[in-house]
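Chemist: Below: one structure in structure tokens.
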Amino acid sequence: MKKIEAIIRKSKFSEVKEALHDVGVNFFSYWDVTGLGNEKVGKVYRGVSFSTNDIQRRQLSIIVNDDFEQITIETLLKTASTGEVGDGKVFVTDVLETYRIRTGEKGGETLK
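In this note's numbering, the protein residues as written are 5 to 116.
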């Protein structure tokens, strides 16, 4: 099993969510995050330009069986991309075990 974490633009979230559902990834967690990166965000307030390094993004946490790893990553890369600096990152780590709290069962079947 793999844990795939993605940090994406908020504006791409709906498209990414729909694409993940289309390929069979029906459960994941997400939250809004603020970070620093290479993208420079400029703001104009009352005619005065200023720059901020705080970048608003959405972070997704997806646990999948090994056979869904590649399709999940490909879907994220394809749908979250705008081709501009600041599109985000994808991180993949191993998951040693999962448990379903309700029944106590464990393993990859708990993801279905």
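Every residue gets a Cβ at the ideal spot worked out from N, C-alpha and C, and that includes glycine.
1) Short check: CB of I8 to CB of G92, under 8 Å?
2) Go ahead and label V89 buried or exposed: buried means 16 or more other beta carbons lie within 10 angstroms of its beta carbon, across all protein chains shown.
3) Give the range of the beta strand (DSSP E) segment to which T38 is assigned.
4) If you reduce the DSSP assignment to three classes, tell me which class A23 lands in.
5) Can you tell me where the beta strand (DSSP E) holding L124 begins and where it ends?
6) Give the DSSP-derived three-state secondary structure of L64 in the structure shown.
7) Please report the straight-line C-alpha distance between T102 and L64, rounded to a whole angstrom.
Modeler: Per the coordinate set shown:
1) By 1-based counting over the sequence shown, the position of residue 8 is 4. By 1-based counting over the sequence shown, the position of residue 92 is 88. No, they are not a contact pair.
2) Here residue 89 refers to the residue found at position 85 of the sequence shown. Exposed, because fewer than 16 other Cβ atoms sit within 10 Å of the Cβ of V89.
3) The residue you call residue 38 lines up with position 34 of the sequence shown. It spans S33 to G39 - the beta strand (DSSP E) in which T38 sits, taken as one unbroken run.
4) Start at 1 with the first residue of the sequence shown, and residue 23 comes out as number 19. Of the three classes helix, strand and coil, the one that applies to A23 here is helix, per DSSP.
5) Any answer about residue 124 is impossible in this case: the structure gives the chain only from 5 up to 116.
6) For the purposes of this step, residue 64 is identified with residue 60 of the sequence shown, where counting begins at 1. It is a strand residue.
7) Here residue 102 corresponds to residue number 98 of the sequence shown, with the count starting at 1. Here residue 64 corresponds to residue number 60 of the sequence shown, with the count starting at 1. Those two C-alpha atoms are separated by around 18 Å.
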